[in-house]
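This report refers to the structure that appears directly beneath it.
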Ligand SMILES: NC(=O)c1ccc[n+]([C@@H]2O[C@H](COP(=O)([O-])OP(=O)(O)OC[C@H]3O[C@@H](n4cnc5c(N)ncnc54)[C@H](OP(=O)(O)O)[C@@H]3O)[C@@H](O)[C@H]2O)c1
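Numbering (this note's numbering), first residue to last: 3 to 111.
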């Protein structure tokens, strides 16, 4: 397994989430840029490919438990762990609760 830290960023289709994902990948983090709508991944995909970044786009809707579970399983099966979670979705209390509880419960972090 790589020694690179593994980071998961929610809300990576635009704004702070996208920029945070790109920044961390440029710094060498194994970055999973998650978003609920993969049709919005073209910008980050293009930049990551052009710069050769360690960035992977994964579908994750923080309001959908099944989506969270599937995304975490996908990431864990690929790299075996999650070191850091950064939530860049809007600060709705329900989203905050669901992200923190789901990730903590299922990622063993
Ligand atoms: N921009 C700033 O300077 C700034 C400064 C301080 C604080 N903030 C706060 O930081 C947050 C993000 O700001 P932003 O400017 O980056 O906004 P943004 O461009 O609107 O980005 C919000 C992101 O959250 C995603 N999202 C929303 N609901 C989601 C869900 N259920 N599952 C997964 N992703 C979801 C959106 O995805 P979709 O594309 O699918 O909608 C989008 O990628 C906001 O709460 C904002 O108030 C922003």
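Cβ coordinates follow ideal geometry from the N, Cα and C atoms, glycine included.
The structure displayed is predicted, hence computed values, not measured ones.
Near ligand 1: residue i beta-carbon under 8 Å from a heavy atom
i	result
residue 33	no
residue 77	no
residue 44	no
residue 62	yes
residue 18	yes
residue 68	no
residue 12	yes
residue 4	no
With 16 other Cβ atoms within 10 Å as the buried cut-off, status of residue i
i	result
residue 82	exposed
residue 18	exposed
residue 110	Note on residue 110: pLDDT 49, under 50, position unreliable in the model; the coordinate value appears next. Exposed is the call here.
residue 75	exposed
residue 95	Low confidence applies to residue 95: its pLDDT is 49, below 50, so where it sits in the model is not reliable, and the reading given next is rough at best. Burial call: exposed.
Residues of its chain near residue i, where Cβ-Cβ distance is below 8 Å and the 5 sequence neighbours each way are ignored
i	result
residue 46	14, 15, 20, 23, 24, 35, 57, 59
residue 63	38, 69, 70
DSSP bridge partner residues for residue i (one or two, in chain order)
i	result
residue 33	9, 57
residue 49	Answer is none; residue 49 lacks a bridge partner.
residue 86	9
Whether residue i touches residue j by CB criterion (9 Å)
i	j	result
residue 91	residue 12	yes
residue 8	residue 67	no
residue 28	residue 53	yes
Neighbourhood of residue i by C-beta distance below 6 Å, restricted to the same chain and skipping five residues each side
i	result
residue 40	61
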